[in-house]
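So the protein sequences, as listed, match chains A and B. For the record, in the first sequence the residue sitting at position 235 is 235 according to the numbering used here, with numbers rising by one throughout. Counting the second sequence from 1 gives a position; the numbering used here is that position plus 1000. Beta carbons are placed, not taken as given, at the ideal position from N, Cα and C, and that holds for glycine. As the structure is a computational prediction, the values presented were derived from the model and not from experiment.
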Amino acid sequence: MDCYIVDFHAAELGVGAEVALEDSVMRKGLPAKAGSKILEGFIAPFDATVVTRLLDSKYNIAGRIGMNEFGLPSLISAGTNDIYDAVKAVSAGVVSYALCNDVFGVYRRRAAEEGICYLHPTYGTVSRYGLVPMACSMDQIGVACKNPDDCFGLLSVIAGNDPKDGTMYPEKSYVYSKTGKELRIGVPAAVLNQADEGTKESIRRFAAGFTSTDMELKYFDVYKQVLYILTCAEASSNLTRYDGIKFGYRASNYKNLNELYTRTRTEALGVEAKLAAIMGFMVLSQENYIPYYEKAMKIRRLIKESLRFGEYDIIVLPTKISDDSYENLSLFALAPLAGLPSLSFSFKGCGIQLVADAKNENALLTAWEGVKNEI
Amino acid sequence: MQNVKRYEMLNKLELAEDEYVRVSACADKLTESFKLLEGIDTSGAEPLITVLDIQNVLREDVCVKTIPREELLAPAPDSTGGFFRVPKTLE
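#1: For a contact meaning CB atoms closer than 7 Å, what does T1080/B contact in chain A?
#2: In angstroms with no decimal places, state the Cα-to-Cα distance between I278/A and T366/A.
#3: So with CB distances below 9 Å, who are the chain E contacts of F1084/B?
#4: When you compare the segment 1070 to 1083 of chain B with the segment 237 to 254 of chain A, are there three or more beta-carbon pairs, one atom per stretch, that lie closer than 8 Å?
#5: Count the CB pairs spanning the segment 91 to 99 of chain A and the segment 330 to 349 of chain A that are closer than 8 Å, and state whether there are at least three.
#6: Specify whether the segment 219 to 231 of chain A and the segment 317 to 333 of chain A touch according to this definition: at least 3 beta carbon pairs, one from each stretch, less than 8 Å apart.
#7: If you count every other CB in all the chains shown that lies within 10 Å of the CB of S127/A, and 16 or more means buried, which is it?
#8: Taking the alpha-carbon positions, what's the P1068/B to A34/A distance?
#9: For V6/A, decide whether its Cβ has a neighbour in chain B, counting only Cβ atoms nearer than 8 Å.
#10: Taking the alpha carbon of R308/A as the point to measure from, which residue in C151/A, S57/A, A356/A has its own alpha carbon closest?
#11: For F1083/B, which beta-bridge partners are listed by DSSP?
#12: To which residues of the same chain is C151/A closer than 7 Å at the C-beta, ignoring the five residues directly before and after it?
#13: With 8 Å as the threshold, decide whether the Cβ of V1064/B is near any Cβ in chain A.
#14: With a floor of 3 residues, list each beta strand (DSSP E) that falls wholly inside the segment 133 to 182 of chain A, ordered by position along the chain.
#15: For N68/A, count neighbouring C-beta atoms within 10 Å of its own C-beta (all shown protein chains included) and say buried if the count is 16 or more, exposed if not.
#16: Looking only at its own chain, which residues have a Cβ that is under 7 Å from the Cβ of G124/A, when we skip the five neighbours before and after it?
#17: Measure the alpha-carbon distance for I83/A versus E272/A and round it to whole angstroms.
#18: In whole angstroms, what separates the C-alpha of I1049/B from that of I76/A?
#19: Of all Cβ atoms in chain A, is any one closer than 8 Å to the Cβ of V1023/B?
#20: Kindly list the residues whose CB is nearer than 7 Å to the CB of L1010/B, restricted to its own chain and excluding five residues on each side of it in sequence; keep chain order.
#21: Do the segment 1007 to 1027 of chain B and the segment 278 to 289 of chain A touch if we need at least three Cβ pairs shorter than 8 Å?
#22: For a cutoff of 8 Å on Cβ pairs, would you count M282/A as touching chain B?
#23: I'd like to check one pair, C100/A with E22/A: are the Cβ atoms closer than 8 Å?
#24: When burial is assigned at 16 or more other CB atoms within 10 Å of the CB, is G29/A buried or exposed?
#25: Would a check of beta-carbon distances place R1059/B closer than 8 Å to chain A?
#26: Quick check on the DSSP output: the alpha helix (DSSP H) that includes C1063/B runs from which residue to which?
#27: Using beta-carbon positions only, say whether A363/A and L154/A come within less than 8 Å of one another.
#28: Under a three-way DSSP split, which group does I352/A fall into?
#29: Please go through the same chain and pick out, in chain order, the residues whose beta-carbon is closer than 7 Å to the beta-carbon of Y293/A, but skip the five residues on each side of it.
#30: Roughly how many whole angstroms lie between the Cα atoms of S74/A and S325/A?
#31: Would DSSP call A1016/B helix, strand or coil?
#32: Tell me which residues of the segment 164 to 177 of chain A have at least one Cβ-Cβ distance to chain B shorter than 8 Å, keeping chain order.
#33: What distance in whole Å lies between the Cβ atoms of I375/A and S416/A, which are believed to be in contact at a cut-off of 8 Å?
#34: If distances are taken between C-alpha atoms only, which option among A48/A, Q353/A, R300/A, S344/A comes closest to N133/A?
#35: If you draw a straight line from the alpha carbon of A10/A to that of V19/A, how long is it in whole angstroms?
#36: Please specify which runs of the alpha helix (DSSP H), each continuous and at least 4 residues long, are wholly inside the segment 25 to 91 of chain A, giving them in chain order.
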């Protein structure tokens, strides 16, 4: 059954509805607005590959569901305007699953807070074909649902190489299962110390169930800067396609082409998208490219190469260290910056997230299996 | 942040006064935080363009049916004769 959810309205979903799609995942014949007025009137002309795979496996698509504009963080409103309807819908039992794109951690944090879970897969294992792009080098469709076992089940349906996406690993499919290996948990004390006492205790108790080791997340102090610089640069480029010509909203009052562009974008882009567009053009400008954009790309490499997954299998992190949404970006930057899988859920009443090496989702599943009777 | 107006113009945007105040304040905060990058030694590091360790993904050069022209033009705010329609650009 297909039905059309403008936002999160439980009453609009019928029996048998199973998978909700964030407003950026295309379902042929349905609007795909990515939470933005600028895509008003746009009807998806094809199915995203993840949708095709779900339909082939007999899942029902419940409809689309509200999100932050293009998935951008609400920095100007300090997170108070975050829209995470996918998490609310799953938490309320309206749908079993929701597919979302979570670069900035909105879903990873809120899922843990709402007592459900969010699985952000390895970059390049799930097709981005049919996903409205925001930051292409980090965009990745993930799964929200009530428990990680089901998350991995759905991930096994949607993951695997797609010739329509040129940024994918070659494996045609993935099998997610518990490993027999004893896990080593890396605990970054300097990060943990920034969390509240309850979260610290939850993470200590989580780590106590495994062999744990202290570790350092080098460059953590600039994670949020690197993430925001690179994502606003990529987002500003992606946002240039919204010009009122090819699809979506067009201003009604203009005298020439320049006014058409300007009035369309001014009237239909939200303030967070305008901020990202302006910051993106700033970091990509001639005078700022080297000190900001290129430097951030170099630090991204240093971050990736500083990880020592031979010494630990999983890094455990809090899902909140501050009430400031910009400060919290640091907690969620590692997975998108290094292309790693991440699983967040509530443990002993506090949000935690686990990050594993690329294509090692099985370590996340194994960790979950080790603690799921104690949560 | 200096030059907000310039990047606004390049983006084909005209911020309302209240938006300008909010965007400028947030841009100032972000730009100030970016200064922390100056202290990171990146000498010898190459920019990381993609996290994937695969290169040159090619596929067979096979003709396939794409989305019909009329379907691609359907979401356009204005089209005519199989083309996107824009305001007159030359006098």
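Here's the rundown:
#1: Looking up residue 1080/B in the second sequence gives position 80. Chain A residues near T1080/B: none, gap ~13 Å exceeds 7 Å.
#2: Position 278 of the first sequence holds residue 278/A. Position 366 of the first sequence holds residue 366/A. Answer to the nearest angstrom: the Cα atoms are 43 Å apart.
#3: No chain E is part of this structure, whose protein chains are labelled A and B.
#4: yes
#5: no
#6: yes
#7: Sequence index remark: in the first sequence, residue 127/A carries index 127 (1-based). By the 10 Å Cβ count, S127/A comes out buried.
#8: On the second sequence, position 68 is the one that residue 1068/B refers to. On the first sequence, position 34 is the one that residue 34/A refers to. If I take the Cα positions, the gap works out to 24 Å.
#9: Start at 1 with the first residue of the first sequence, and residue 6/A comes out as number 6. Its pLDDT being 48, under 50, V6/A is placed unreliably by the model, and nothing is read from it.
#10: Here residue 308/A refers to the residue found at position 308 of the first sequence. R308/A has its Cα closest to that of A356/A, out of C151/A, S57/A, A356/A.
#11: Taking the second sequence and counting its residues from 1, one reaches residue 1083/B at position 83. According to DSSP, F1083/B bridges with T1080/B.
#12: The residue labelled residue 151/A in the question sits at position 151 within the first sequence. Excluding residues within five positions, the ones whose Cβ falls inside 7 Å are C117, L119, V143, C145.
#13: Locating residue 1064/B in the second sequence gives position 64, where the first residue counts as 1. It does not: the Cβ of V1064/B has no partner Cβ on chain A nearer than 8 Å.
#14: 141 to 145
#15: Indexing the first sequence from 1 puts residue 68/A at position 68. Result: buried.
#16: Here residue 124/A refers to the residue found at position 124 when the first sequence is read from its first residue. Excluding positions up to five away in sequence, the list reads T167, M168, Y169, G339.
#17: Within the first sequence, residue 83/A is the residue found at index 83, counting from 1. Within the first sequence, residue 272/A is the residue found at index 272, counting from 1. Cα to Cα, the separation comes out at about 13 Å.
#18: Indexing the second sequence from 1 puts residue 1049/B at position 49. Indexing the first sequence from 1 puts residue 76/A at position 76. Distance between the alpha carbons of I1049/B and I76/A is about 28 Å.
#19: If you number the second sequence from 1, residue 1023/B lands on position 23. Taking CB atoms only, V1023/B has a neighbour in chain A less than 8 Å away.
#20: Numbered from its first residue, the second sequence carries residue 1010/B at position 10. Contacts found: none.
#21: yes
#22: Mapped onto the first sequence, residue 282/A falls at position 282. So yes, M282/A belongs to the interface.
#23: Taking the first residue of the first sequence as position 1, residue 22/A is located at position 22. Taking the first residue of the first sequence as position 1, residue 100/A is located at position 100. Yes.
#24: Taking the first residue of the first sequence as position 1, residue 29/A is located at position 29. Classification of G29/A: exposed, given that the 10 Å Cβ count is below 16.
#25: For the purposes of this step, residue 1059/B is taken as residue 59 along the second sequence, with counting starting at 1. By this cut-off, R1059/B is an interface position.
#26: Numbered from its first residue, the second sequence carries residue 1063/B at position 63. Looking at the DSSP string, C1063/B is not in any alpha helix (DSSP H), and its letter there is neither H nor E.
#27: By 1-based counting over the first sequence, the position of residue 363/A is 363. By 1-based counting over the first sequence, the position of residue 154/A is 154. No; because the gap between Cβ atoms is not below 8 Å, this pair is not in contact.
#28: By one-based count along the first sequence, residue 352/A stands at place 352. Assigned with DSSP and collapsed to three states, I352/A falls in strand.
#29: In the first sequence, residue 293/A corresponds to position 293, counting from 1. So the list reads I229, A233, V283, L284, once near-sequence residues are dropped.
#30: Here residue 74/A refers to the residue found at position 74 when the first sequence is read from its first residue. Here residue 325/A refers to the residue found at position 325 when the first sequence is read from its first residue. In a straight line, the C-alpha of S74/A is about 7 Å away from that of S325/A.
#31: On the second sequence, residue 1016/B is found 16 positions in, with the first residue counted as 1. Of the three classes helix, strand and coil, the one that applies to A1016/B here is coil, per DSSP.
#32: G166, T167, M168, Y169, P170
#33: Any answer about residue 416/A is impossible in this case: the structure gives chain A only from 1 up to 375.
#34: As a position in the first sequence, residue 133/A is number 133, starting the count at 1. Note on residue identity: the sequence assigns Pro, not Asn, to residue 133/A. Selected option, being the one with the closest Cα: A48/A.
#35: Taking the first sequence and counting its residues from 1, one reaches residue 10/A at position 10. Taking the first sequence and counting its residues from 1, one reaches residue 19/A at position 19. Any answer about A10/A is weak, because its pLDDT of 42 lies below 50 and its placement is not dependable; what the coordinates show is given next. A10/A and V19/A: Cα-Cα distance of roughly 13 Å.
#36: 49 to 56, 85 to 91
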